[in-house]
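For the sequence shown, full-length UniProt numbering assigns the number 1 to the initial residue and increments by one for each residue that follows. These notes are about the structure you will find just below.
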Amino acid sequence: MRYLLYTLFLLTLSSCIQENKRNTAFIKGRDALKQKEYKTAITQLEMCLSHDSTFSDAWNNLGVAYYATENLQKAEDAYKNALIYDSCFIDAYHNLANLYYDKNNSTEAINYLNLGLECDPSNHDLLMNRATLYQDQDAYDNALKDLHKLKSFSTQNDVLYTNLGYTYYKIDQLDSAFHYSLMAIEINENRHEAYNNLGMISMKNKSLVEASKYFSKAVSMSSTNSLYRFNLGEAWFLNKEFEKAKSAFNMAIYYDERKYQNNSLVFANSIILHDQKSSDKILNSLGSDSDNFFSKTYDQLKLVGHKSTFCQYLNSIKEKNYKFDDRIYQKCK
Numbered sequence: 001m002r003y004l005l006y007t008l009f010l011l012t013l014s015s016c017i018q019e020n021k022r023n024t025a026f027i028k029g030r031d032a033l034k035q036k037e038y039k040t041a042i043t044q045l046e047m048c049l050s051h052d053s054t055f056s057d058a059w060n061n062l063g064v065a066y067y068a069t070e071n072l073q074k075a076e077d078a079y080k081n082a083l084i085y086d087s088c089f090i091d092a093y094h095n096l097a098n099l100y101y102d103k104n105n106s107t108e109a110i111n112y113l114n115l116g117l118e119c120d121p122s123n124h125d126l127l128m129n130r131a132t133l134y135q136d137q138d139a140y141d142n143a144l145k146d147l148h149k150l151k152s153f154s155t156q157n158d159v160l161y162t163n164l165g166y167t168y169y170k171i172d173q174l175d176s177a178f179h180y181s182l183m184a185i186e187i188n189e190n191r192h193e194a195y196n197n198l199g200m201i202s203m204k205n206k207s208l209v210e211a212s213k214y215f216s217k218a219v220s221m222s223s224t225n226s227l228y229r230f231n232l233g234e235a236w237f238l239n240k241e242f243e244k245a246k247s248a249f250n251m252a253i254y255y256d257e258r259k260y261q262n263n264s265l266v267f268a269n270s271i272i273l274h275d276q277k278s279s280d281k282i283l284n285s286l287g288s289d290s291d292n293f294f295s296k297t298y299d300q301l302k303l304v305g306h307k308s309t310f311c312q313y314l315n316s317i318k319e320k321n322y323k324f325d326d327r328i329y330q331k332c333k
């Protein structure tokens with residue numbers, strides 16, 4: 001009997017030591033993760049899991065550390081292991097959704113959000129993320145369902161109202177879009193995304209001066225946002241304020257050259273201003289889709305009364321032996 005009690009004591013002591021080692025390694029790993037010391041975090045969390053391979057929180061944190069070091073496959077495996085040992089680990093579902101979104105797989109991201117919402121149907125972050133992914137897929141009815149569900153238990157949320165405003169804008173329900181975007185600003189006057197919404201709504205309503213004011217406000221709050229800069233340029237362009245448009249476009253290109261350098265609207269504006277340096281730079285970088293690019297440019301110039309400017313430019317580059325589809329030349333006849 002005494003031997004049995006001694007054996008039980010040793011087993012209990014060993015278990016306590018193992019648990020203490022596990023917890024110590026986990027705390028060190030979690031703290032290293034907070035300090036963005038990812039290699040240390042990985043080492044400590046792997047040590048933690050060597051003491052207890054069923055510790056779902058450690059698996060999830062290990063996934064975060066791997067994700068931060070761009071080891072996406074190991075991050076995915078770690079998140080999935082967290083779910084093996086805790087099938088309703090909400091953070092793991094959230095992290096997997098983000099990972100698949102980064103892989104440009106929105107469908108799989110939504111699948112993991114769906115699984116998380118089966119465990120917690122009212123989870124704010126999961127619903128908001130799913131609504132955002134539905135927006136990316138142009139599934140606006142589904143996005144609205146999630147956003148209105150959020151609205152039913154979260155009435156003073158500027159991010160929610162901004163998303164409602166954007167979604168209604170995308171389905172051309174402009175009164176609702178305007179209403180929710182204004183509500184977002186009433187809650188948080190610094191919600192620059194809502195000002196951008198109002199600018200886009202004003203553009204659709206052909207209120208170009210108002211649009212430029214809203215976009216300028218958004219830019220003043222988020223000066224490095226290339227989209228706001230470009231939208232401001234477009235408003236100035238459509239209002240025939242071409243020098244102002246050039247300034248806005250140049251800043252959009254400065255903050256995101258890859259996205260805006262070869263934009264047809266930027267090209268159209270440079271043609272109007274006879275900015276040969278800019279137009280030549282774009283012209284020389286065009287690939288096989290140049291005919292479609294020129295067709296867009298023609299439509300944009302025609303919209304602001306500069307069809308003749310397009311034709312003059314076309315003739316000038318024709319003399320330099322640039323070749324285009326005959327349909328492009330037919331636009332000037």
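Each residue gets a CB set at the ideal place from its N, CA and C atoms; glycine is no exception. All values derive from a computational prediction rather than experimental measurement.
What residue range does the alpha helix (DSSP H) around residue 53 cover?
Run containing residue 53: none; DSSP gives neither H nor E here.
Apply the 10 Å Cβ neighbour rule to residue 138 and answer buried if 16 or more other Cβ atoms are within range, or exposed otherwise.
exposed
Give the range of the alpha helix (DSSP H) segment to which residue 144 is assigned.
140 to 153
Pull up the CB-CB distance for residue 192 and residue 222, whole angstroms please, since I reckon it's below 8 Å.
5 Å
Using the three-state DSSP reduction, which class does residue 289 fall into: helix, strand or coil?
coil
Would residue 131 pass as a contact of residue 117 if the rule is Cβ separation under 8 Å?
no
Can you grab the Cα-Cα spacing for the pair residue 200 / residue 175, in whole Å?
13 Å
Among residues of its own chain, excluding the 5 on either side of residue 164, which ones have a beta-carbon nearer than 6 Å to its beta-carbon?
147, 180
In chain order, what residues of the same chain have a beta carbon less than 6 Å from the beta carbon of residue 313, not counting five sequence neighbours either side?
271
In terms of alpha-carbon separation, which member of 168, 90, 184 lies closest to residue 56?
90
The alpha helix (DSSP H) that contains residue 96, what's its start and end?
90 to 102
Could you name the residues of the same chain whose beta carbon sits closer than 7 Å to that of residue 252, not counting the 5 residues immediately before and after it, in chain order?
226, 229, 230, 233, 260
What's the C-alpha gap between residue 213 and residue 140?
27 Å
Among the residues of its own chain, which have a CB less than 8 Å from the CB of residue 135, if the five just before and after it don't count?
143, 163, 166, 167, 170
Who are the Cβ neighbours of residue 279 in its own chain at under 7 Å, not counting the five residues just before and after it?
267, 270, 271
Are residue 42 and residue 72 close, meaning C-beta to C-beta below 8 Å?
no
Only counting runs of 4 or more residues, tell me where the alpha helix (DSSP H) segments fall wholly within the region 162 to 206, in order along the chain.
174 to 187, 192 to 204
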